[in-house]
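Engineer: For reference, the structure I am asking about is given below.
Number of protein chains: 2
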Amino acid sequence: MEYLSVSNAQKCILESVKFSDVEIVGLEKSLNRVLVRDVRANRDLPPYDVSAMDGYALRSADLAKVPVTLEVIEDIKAGDMPTKIVQVGQCARIMTGAPVPQGADAVIRVEDTQAVSENNVRIKFAVKAGNDIRSKGEGMCNGEVVLTAGTEITPGVTGILATVKCAQVQVYCRPRVAILSTGNELEDMDDPVDPNKIPNSNSYALMAQVQALGIEPALLGIARDDPAELTEYLQRGLKFDVLLVSGGTSVGVHDYVRPAIEALGVQMKFWRVDMKPGHPLAFGITTKTAVFGLPGNPVSSMVCFEQFVAPALRHMMGHTRLYRRTIVARLTHNIKHQPGRTEFVRVTLAKEEGGYAATSTGPQGSGMLLSMAKADGLMVVPAEKTGLNASEQVVVQLLDGTVFQNAADFKE
Amino acid sequence: MEYLSVSNAQKCILESVKFSDVEIVGLEKSLNRVLVRDVRANRDLPPYDVSAMDGYALRSADLAKVPVTLEVIEDIKAGDMPTKIVQVGQCARIMTGAPVPQGADAVIRVEDTQAVSENNVRIKFAVKAGNDIRSKGEGMCNGEVVLTAGTEITPGVTGILATVKCAQVQVYCRPRVAILSTGNELEDMDDPVDPNKIPNSNSYALMAQVQALGIEPALLGIARDDPAELTEYLQRGLKFDVLLVSGGTSVGVHDYVRPAIEALGVQMKFWRVDMKPGHPLAFGITTKTAVFGLPGNPVSSMVCFEQFVAPALRHMMGHTRLYRRTIVARLTHNIKHQPGRTEFVRVTLAKEEGGYAATSTGPQGSGMLLSMAKADGLMVVPAEKTGLNASEQVVVQLLDGTVFQNAADFKE
Numbered sequence: 017m018e019y020l021s022v023s024n025a026q027k028c029i030l031e032s033v034k035f036s037d038v039e040i041v042g043l044e045k046s047l048n049r050v051l052v053r054d055v056r057a058n059r060d061l062p063p064y065d066v067s068a069m070d071g072y073a074l075r076s077a078d079l080a081k082v083p084v085t086l087e088v089i090e091d092i093k094a095g096d097m098p099t100k101i102v103q104v105g106q107c108a109r110i111m112t113g114a115p116v117p118q119g120a121d122a123v124i125r126v127e128d129t130q131a132v133s134e135n136n137v138r139i140k141f142a143v144k145a146g147n148d149i150r151s152k153g154e155g156m157c158n159g160e161v162v163l164t165a166g167t168e169i170t171p172g173v174t175g176i177l178a179t180v181k182c183a184q185v186q187v188y189c190r191p192r193v194a195i196l197s198t199g200n201e202l203e204d205m206d207d208p209v210d211p212n213k214i215p216n217s218n219s220y221a222l223m224a225q226v227q228a229l230g231i232e233p234a235l236l237g238i239a240r241d242d243p244a245e246l247t248e249y250l251q252r253g254l255k256f257d258v259l260l261v262s263g264g265t266s267v268g269v270h271d272y273v274r275p276a277i278e279a280l281g282v283q284m285k286f287w288r289v290d291m292k293p294g295h296p297l298a299f300g301i302t303t304k305t306a307v308f309g310l311p312g313n314p315v316s317s318m319v320c321f322e323q324f325v326a327p328a329l330r331h332m333m334g335h336t337r338l339y340r341r342t343i344v345a346r347l348t349h350n351i352k353h354q355p356g357r358t359e360f361v362r363v364t365l366a367k368e369e370g371g372y373a374a375t376s377t378g379p380q381g382s383g384m385l386l387s388m389a390k391a392d393g394l395m396v397v398p399a400e401k402t403g404l405n406a407s408e409q410v411v412v413q414l415l416d417g418t419v420f421q422n423a424a425d426f427k428e
Numbered sequence: 017m018e019y020l021s022v023s024n025a026q027k028c029i030l031e032s033v034k035f036s037d038v039e040i041v042g043l044e045k046s047l048n049r050v051l052v053r054d055v056r057a058n059r060d061l062p063p064y065d066v067s068a069m070d071g072y073a074l075r076s077a078d079l080a081k082v083p084v085t086l087e088v089i090e091d092i093k094a095g096d097m098p099t100k101i102v103q104v105g106q107c108a109r110i111m112t113g114a115p116v117p118q119g120a121d122a123v124i125r126v127e128d129t130q131a132v133s134e135n136n137v138r139i140k141f142a143v144k145a146g147n148d149i150r151s152k153g154e155g156m157c158n159g160e161v162v163l164t165a166g167t168e169i170t171p172g173v174t175g176i177l178a179t180v181k182c183a184q185v186q187v188y189c190r191p192r193v194a195i196l197s198t199g200n201e202l203e204d205m206d207d208p209v210d211p212n213k214i215p216n217s218n219s220y221a222l223m224a225q226v227q228a229l230g231i232e233p234a235l236l237g238i239a240r241d242d243p244a245e246l247t248e249y250l251q252r253g254l255k256f257d258v259l260l261v262s263g264g265t266s267v268g269v270h271d272y273v274r275p276a277i278e279a280l281g282v283q284m285k286f287w288r289v290d291m292k293p294g295h296p297l298a299f300g301i302t303t304k305t306a307v308f309g310l311p312g313n314p315v316s317s318m319v320c321f322e323q324f325v326a327p328a329l330r331h332m333m334g335h336t337r338l339y340r341r342t343i344v345a346r347l348t349h350n351i352k353h354q355p356g357r358t359e360f361v362r363v364t365l366a367k368e369e370g371g372y373a374a375t376s377t378g379p380q381g382s383g384m385l386l387s388m389a390k391a392d393g394l395m396v397v398p399a400e401k402t403g404l405n406a407s408e409q410v411v412v413q414l415l416d417g418t419v420f421q422n423a424a425d426f427k428e
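Protein sequence lines correspond, in order, to chains B and S.
17 is the number of the first residue of the first sequence in the working numbering; add one for each residue after it.
17 is the number of the first residue of the second sequence in the working numbering; add one for each residue after it.
The structure is reproduced here in structure tokens:
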């Protein structure tokens, strides 16, 4: 049986899964979704030259000598239109966003002025023509494409959609995902504690990983090691767009999962990936469903999800950014590696001068789920390395929980 | 009036806001929330020495000379208990997670063996005592604290909570957040396009920023520049834990917001921060509500949210990671900076050998919301700098949309 590299397995998966259907959702439900179509501006913004500051609109030529006192001829609020033309020696009090009156070619902010009387203001500094004026159309021009198809809706994008009054947005659907755990050894959440059994953590960890991508999965429960029961559960799972089956895909003689999956007409693409943890990772498709056979070990399952399932789900939702963000960090200690498989080592990250230091969470056994709970990232050890040395620059995939950090950490 | 530095303003805010109440939620609703109490293991995991592989449990001393053929005395599946003791020259077929039988001190994976007959297997390689055995309690020991109070519930943490059967989790509540925009110049989503007005993007961009933190905010709409109307809206907002008021906090003579807020008994802590964009950032509290006066400019509003509101909301929800993740990047071009205020420059990031390159999104006018939609991060320019040079190492805060990247970007 061929063992695929991580990248070849990713490639095979992405070539096999399809874009989701599209749907229209309200702007308030659209965060993190992906635009199906280009979005165009429906107006010029600003609609005319406007002030960028609260201050005074004036003629820059009047400031040849400063300080100078100008006559205030008008108050212009945002939402007002000016009614007067600014002549030599005059100015208009103006608010941020208000239209610059005819005659004026610059704005000076109120902090750089001093009110002398109701109708006179002292200008302390000279400014150039155009100062603190936002030109007509500088933000967007009517008709121009402001957001392209394939754009992920971040808060900044939401702001643009609101600006062009896109109250309803066409986005890719979220795939419907089912999660199935398998194995006689598993004890579910509601079962009493039995020391001879293993708690079913995979269903829930996978649930959370799917939720982190914005999808609410269906938990199908635990299928026991009985071909008929397993087939029934799998049939239920094959009604979804994506089925995650945890456990039962290794080469042991007691694995019912492989024959049961194949008997249901799932076309298996591969059964093994050259990685650690996560060796027994299977993938297949039907005309409707992408099926991932994830390892039964909790850590392996989570690592495989990050490398293969998350990119597939994001691809289906129209994203172009499919892979975990990586950074380069300094390894704080030597680690050994048996050449052959790409290894993902759970690490914590610490800030240091110029970047990050990465430190292993400790023993990397694939049953060590606590290490996954503590990890900031997955350090990638290339397959052919015999180890990595302290101070080497390493690549770390950032995991959930790293979007924010303890300190602001910048010089202000 | 004193202008606070960014860090002093952050400090003032964090000292003023309170932890939220606590509530109990189902595990399936707990992602990204924060644990109020320590969580302890309720069992040993594994409950006994178990196999880490599908293979054969054997006596390592029997492998002094390999290959060697051993007698297979039993099949042990995960969930089974062994019934026989492995004697010299014997082994047991064993599945991942199944208990290691008495007599055996190592496991060899099935790939390193060859079945000779139903009851005999040829072992191709020697392994040491302990090989591929996960020891009792290696994952967790009954009674030990596995998760400490204050832990954010990431998928790995969800796995641990499921492992210890924590179906209900005590977490900090999400604060109730209201968003109010102000100004006669604003045109709301349902209004017809009026070239003399400015579309209300702030309410929606802020909505998305709040949603990105896992909170569903209430949109109060637009209060016009009328003291009575504004007071009514503010009173509605002061029923929430956090009120975000966008616009109307600058020093212009037409700003009704400041007196209206103060008249309602909000104790204002500050009105200005030495930053750009975002100068007019106000903050005050009542016994119930934290009130943020955000600038009316869309970009300023969003930047201020990231620096001040997000840390406050995360603090209230019990998080210790409050600030946007920062990385160090190489600036690709010179930029000028007028000394005085800390500046946040919208940048895009590109991968390059050893790290990231940061490039300004272009003109940084605070009306340029498109630049915020395109930005991967905010580059921080320290207040006293006169500029930054191409190739300088700069600090960049990563914004939403950067959790994933286009390529896997590691050597495998």
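Cβ atoms here follow ideal geometry from the backbone N, Cα and C, with glycine treated the same way.
Residues in the same chain with beta-carbon distance under 7 angstroms from S/Pro63, minus the five sequence neighbours each way, listed in chain order, please.
Structural biologist: Locating residue 63 of chain S in the second sequence gives position 47, counting from the first residue. So the list reads Lys152, once near-sequence residues are dropped.
Engineer: In chain order, what residues of the region 288 to 315 of chain B put their CB closer than 9 angstroms to some CB of chain S?
Structural biologist: Listed by position, the residues of the region 288 to 315 of chain B near chain S (Cβ gap below 9 angstroms) are Asp290, Met291, Pro296, Pro311, Gly312, Asn313, Pro314 and Val315.
Engineer: Taking DSSP's pairing of strands, which residues face B/Met318 in a bridge?
Structural biologist: Looking up residue 318 of chain B in the first sequence gives position 302. Partner(s): none; B/Met318 has no beta bridge.
Engineer: When you compare only the Cα positions, how much space is there between B/Val412 and B/Cys182?
Structural biologist: In the first sequence, residue 412 of chain B corresponds to position 396, counting from 1. In the first sequence, residue 182 of chain B corresponds to position 166, counting from 1. Whole-angstrom Cα-Cα distance: 38 angstroms.
Engineer: With 7 angstroms as the threshold, decide whether the Cβ of S/Lys4 is near any Cβ in chain B.
Structural biologist: No answer is possible for residue 4 of chain S: the residues shown for chain S start at 17 and end at 428.
Engineer: If you count every other CB in all the chains shown that lies within 10 Å of the CB of S/His331, and 16 or more means buried, which is it?
Structural biologist: As a first step, residue 331 of chain S must be located in the second sequence, where it is residue number 315. Its Cβ being crowded by 16 or more others within 10 Å, S/His331 is buried.
Engineer: Listing by chain order, which chain B residues have their CB less than 9 angstroms from the CB of S/Asn422?
Structural biologist: Reading the second sequence from its first residue, position 406 is the one you call residue 422 of chain S. Going along chain B in sequence order, the residues near S/Asn422 (Cβ under 9 angstroms) are Thr336, Arg337, Leu338 and Tyr339.
Engineer: Would you call the CB atoms of S/Ala57 and S/Val185 closer than 7 angstroms?
Structural biologist: Mapped onto the second sequence, residue 57 of chain S falls at position 41. Mapped onto the second sequence, residue 185 of chain S falls at position 169. No, Cβ-Cβ distance for S/Ala57 and S/Val185 is not below 7 angstroms.
Engineer: Grab me the residues of B/His349's own chain with a C-beta within less than 6 angstroms of its C-beta, minus the 5 sequence neighbours each way, in chain order.
Structural biologist: Position 333 of the first sequence, counted from the first residue, corresponds to residue 349 of chain B. Short of 6 angstroms from the beta carbon of B/His349, and not among the five residues preceding or following it, lie these beta carbons of its own chain, in chain order: Ala406.
Engineer: If you follow the beta strand (DSSP E) that S/Gly281 is part of, which residue opens it and which one closes it?
Structural biologist: Within the second sequence, residue 281 of chain S is the residue found at index 265, counting from 1. Here S/Gly281 belongs to no beta strand (DSSP E), and DSSP marks it neither H nor E.
Engineer: Would B/Tyr72 count as contacting chain S if we go by Cβ distances under 7 angstroms?
Structural biologist: As a working note, residue 72 of chain B is residue 56 in the first sequence. For B/Tyr72, the answer is no, since every Cβ of chain S falls outside 7 angstroms of its Cβ.
Engineer: Name the chain S residues that come within less than 8 angstroms of B/Asn135, Cβ to Cβ?
Structural biologist: In the first sequence, counting from the first residue as 1, residue 135 of chain B sits at position 119. What B/Asn135 touches in chain S: nothing, since even the nearest Cβ is about 13 angstroms away.
Engineer: Specify the secondary structure class of S/Met111 as computed by DSSP and reduced to three states.
Structural biologist: What you label residue 111 of chain S is simply residue 95 of the second sequence in a count that begins at 1. Correct three-state label for S/Met111: coil.
Engineer: If you measure beta-carbon to beta-carbon, which residues of the region 24 to 54 of chain B are closer than 9 angstroms to chain S?
Structural biologist: Gln26, Leu43, Glu44, Ser46, Leu47 and Asn48
Engineer: Could you check if S/Phe286 belongs to the surroundings of the ligand COA, using beta carbon to heavy atom distance under 6 angstroms?
Structural biologist: For the structure depicted, the ligand COA is absent and the ligand set is empty, with no information on it obtainable.
Engineer: Output needed in chain order: residues of the region 172 to 188 of chain B with a Cβ under 8 angstroms from some Cβ in chain S.
Structural biologist: Gly172, Val173, Thr174, Gly175, Ile176, Leu177, Ala178, Thr179, Val180, Lys181 and Ala183
Engineer: Could you check what DSSP says for B/Cys28 in three-state terms: helix, strand or coil?
Structural biologist: For the purposes of this step, residue 28 of chain B is taken as residue 12 along the first sequence, with counting starting at 1. Three-state result, B/Cys28: helix.
Engineer: If we count the other Cβ atoms within 10 Å of its Cβ and call it buried at 16 or more, is B/Met388 buried or exposed?
Structural biologist: Here residue 388 of chain B refers to the residue found at position 372 when the first sequence is read from its first residue. The residue is buried, with at least 16 neighbouring Cβ atoms inside 10 Å.
Engineer: If the cut-off is 7 angstroms on Cβ atoms, which residues from the region 342 to 375 of chain S count as contacting chain B, listed in chain order?
Structural biologist: Thr342, Ile343, Val344, Thr358, Gly370 and Gly371
Engineer: Here's a check: name, in chain order, each residue in its chain whose Cβ is nearer than 8 angstroms to the Cβ of S/Val269, leaving out the five neighbours to either side.
Structural biologist: As a first step, residue 269 of chain S must be located in the second sequence, where it is residue number 253. Bear in mind that the predicted position of S/Val269 carries a pLDDT of just 43, short of 50, making it too unreliable to give a figure here.
Engineer: Going by C-alpha to C-alpha distance, which of S/Asp242, S/Asn422, S/Glu408 and S/Gly172 sits closest to B/Leu222?
Structural biologist: Numbered from its first residue, the first sequence carries residue 222 of chain B at position 206. Looking at the Cα atoms, S/Gly172 is the closest of the given residues.
Engineer: State the Cα-Cα distance for the pair S/Glu322 and S/Leu235, rounded to the nearest angstrom.
Structural biologist: By 1-based counting over the second sequence, the position of residue 322 of chain S is 306. By 1-based counting over the second sequence, the position of residue 235 of chain S is 219. Between S/Glu322 and S/Leu235, the C-alpha separation is close to 19 angstroms.
Engineer: Distance check for S/Val162 and B/Pro314, CA to CA, integer angstroms please.
Structural biologist: Within the first sequence, residue 314 of chain B is the residue found at index 298, counting from 1. Within the second sequence, residue 162 of chain S is the residue found at index 146, counting from 1. Using only the alpha carbons, I get a separation of about 16 angstroms.
Engineer: So if I threshold CB-CB distances at 8 angstroms, which residues from the region 389 to 411 of chain S count as touching chain B?
Structural biologist: Ala389, Lys390, Ala391, Val396, Pro398, Ala399, Gln409 and Val411
Engineer: In the DSSP assignment, the alpha helix (DSSP H) including B/Ala183 goes from what residue to what residue?
Structural biologist: As a position in the first sequence, residue 183 of chain B is number 167, starting the count at 1. B/Ala183 -> no alpha helix (DSSP H), and no H or E assigned at all.
Engineer: Sort out for me which residues DSSP pairs B/Glu168 with in a bridge.
Structural biologist: For this step, residue 168 of chain B is matched to residue 152 along the first sequence. According to DSSP, B/Glu168 shares a beta bridge with B/Val50.
Engineer: Can at least three beta-carbon pairs, one atom from the region 284 to 298 of chain B and one from the region 351 to 368 of chain B, be found at a separation below 8 angstroms?
Structural biologist: Touching, yes, given that three or more Cβ pairs across the two stretches are closer than 8 angstroms.
Engineer: Excluding sequence positions up to five away, which residues of its chain have a Cβ less than 8 angstroms from the Cβ of B/Ile301?
Structural biologist: Within the first sequence, the letter at position 285 stands for residue 301 of chain B. Cβ within range, chain order: Ser32, Val33, Val282, Gln283, Lys285 and Val307.
Engineer: Kindly identify the DSSP beta-bridge partner or partners of B/Ser197.
Structural biologist: Numbered from 1 along the first sequence, position 181 holds the residue referred to as residue 197 of chain B. DSSP lists B/Ile238 and B/Ser262 as partners of B/Ser197.
Engineer: Checking the sheet assignment: what are the DSSP bridge partners for B/Gly155?
Structural biologist: Position 139 of the first sequence, counted from the first residue, corresponds to residue 155 of chain B. According to DSSP, which records beta bridges pairwise, B/Gly155 is partnered with nothing at all.
Engineer: For B/Ala145 and B/Cys107, I'd like the C-alpha separation in whole angstroms.
Structural biologist: On the first sequence, residue 145 of chain B is found 129 positions in, with the first residue counted as 1. On the first sequence, residue 107 of chain B is found 91 positions in, with the first residue counted as 1. Computed Cα separation, rounded: 14 angstroms.
Engineer: Do you know offhand how far S/Ser21's Cα is from S/Leu310's?
Structural biologist: Here residue 21 of chain S refers to the residue found at position 5 when the second sequence is read from its first residue. Here residue 310 of chain S refers to the residue found at position 294 when the second sequence is read from its first residue. If I take the Cα positions, the gap works out to 16 angstroms.
Engineer: Would DSSP call S/Tyr72 helix, strand or coil?
Structural biologist: Counting from 1 along the second sequence, the entry for residue 72 of chain S is found at position 56. In this structure, S/Tyr72 counts as strand in the three-state DSSP scheme.
Engineer: Specify, as a first and last residue, the run of the alpha helix (DSSP H) that B/Met223 falls within.
Structural biologist: Indexing the first sequence from 1 puts residue 223 of chain B at position 207. Here the alpha helix (DSSP H) through B/Met223 covers Asn218 to Ala228.
Engineer: So B/Pro211 contacts chain S; which residues on that side make the cut at Cβ distance below 9 angstroms?
Structural biologist: Sequence index remark: in the first sequence, residue 211 of chain B carries index 195 (1-based). Within 9 angstroms Cβ-Cβ: Arg59, Asp60, Pro63 and Tyr64.
Engineer: Let me make sure I understand the geometry here. Which of B/Asp416, B/Pro275, B/Glu127 and B/Ile92 has the alpha-carbon closest to that of B/Ala120?
Structural biologist: In the first sequence, residue 120 of chain B corresponds to position 104, counting from 1. It is B/Ile92.
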